[in-house]
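S.K.: Numbering of the sequence shown is given in UniProt numbering, commencing with residue 2 and proceeding in unit increments.
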Amino acid sequence: AFVVTDNCIKCKYTDCVAVCPADAFYEGPNFLVISPDDCIDCDLCPVECPAGAIFQEDEVPEDQKEFIKLNAELAEIWPRITEVKAPPSDAKEWDGVKNKINHLII
Ligand code: SF4
Ligand code: F3S
Numbered sequence: 002a003f004v005v006t007d008n009c010i011k012c013k014y015t016d017c018v019a020v021c022p023a024d025a026f027y028e029g030p031n032f033l034v035i036s037p038d039d040c041i042d043c044d045l046c047p048v049e050c051p052a053g054a055i056f057q058e059d060e061v062p063e064d065q066k067e068f069i070k071l072n073a074e075l076a077e078i079w080p081r082i083t084e085v086k087a088p089p090s091d092a093k094e095w096d097g098v099k100n101k102i103n104h105l106i107i
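(1) Consult DSSP for Glu28 and reduce its assignment to one of helix, strand or coil.
(2) Cα-Cα, which of Ala2, Ala92, Glu77 is closest to Pro51?
(3) With 16 as the cutoff for other CB atoms within 10 Å, does Ser90 come out buried or exposed?
(4) Which complete beta strand (DSSP E) runs does the stretch 29 to 78 hold, if anything under 3 residues is left out?
(5) The ligand F3S and Tyr14: does any heavy atom of the ligand fall closer than 7 angstroms to the residue's C-beta?
(6) Have a look at Lys11, Val34, Leu45, Cys12 and flag the residue whose alpha-carbon is nearest the alpha-carbon of Ala19.
(7) Would you kindly work out how many angstroms separate the C-alpha atoms of Ile10 and Cys43, rounded to a whole number?
(8) Within a Cβ cutoff of 6 angstroms, which residues of the same chain sit near Lys86, ignoring the five residues on either side of it in sequence?
(9) Which residue wins for smallest C-alpha separation from Ile106, given the options Thr83, Ile78, Asp96, Glu94?
Right, dumping it as structure tokens:
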């Protein structure tokens, strides 16, 4: 499955949602995750993410591995999102900031 990682937090552009044929995305207050049960590995979403936050499970950077489990867990408790919405007004300022996991709201 594909995995959403740290740089999505507080950016949450949602462009990924528009292309997913499996409706595999789930939405929290400031982050999106992919359900490994829903993802069909079509590889369409990574290139759509302006923040470069989506990786195939085997290619998740070493310092982001915790997001594999986090995607699976949060997909169980967050509602599915199937439509694009406007990103936070300060999304650009947060793009590229490291360790945004400290700002993750569950
Ligand atoms: Fe959806 Fe395809 Fe991305 Fe999986 S890889 S989350 S199926 S767009
Ligand atoms: Fe997040 Fe990128 Fe989607 S910032 S909401 S994974 S387009």
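For each residue, glycine too, the CB sits at the ideal point set by N, CA and C.
M.R.: Taking the coordinates as given:
(1) strand
(2) Of Ala2, Ala92, Glu77, the residue nearest in Cα terms is Ala92.
(3) exposed
(4) Within the stretch 29 to 78, complete beta strand (DSSP E) segments of at least 3 residues are found at 33 to 35, 55 to 57, given in chain order.
(5) yes
(6) Leu45
(7) 23 angstroms
(8) Thr15
(9) Ile78
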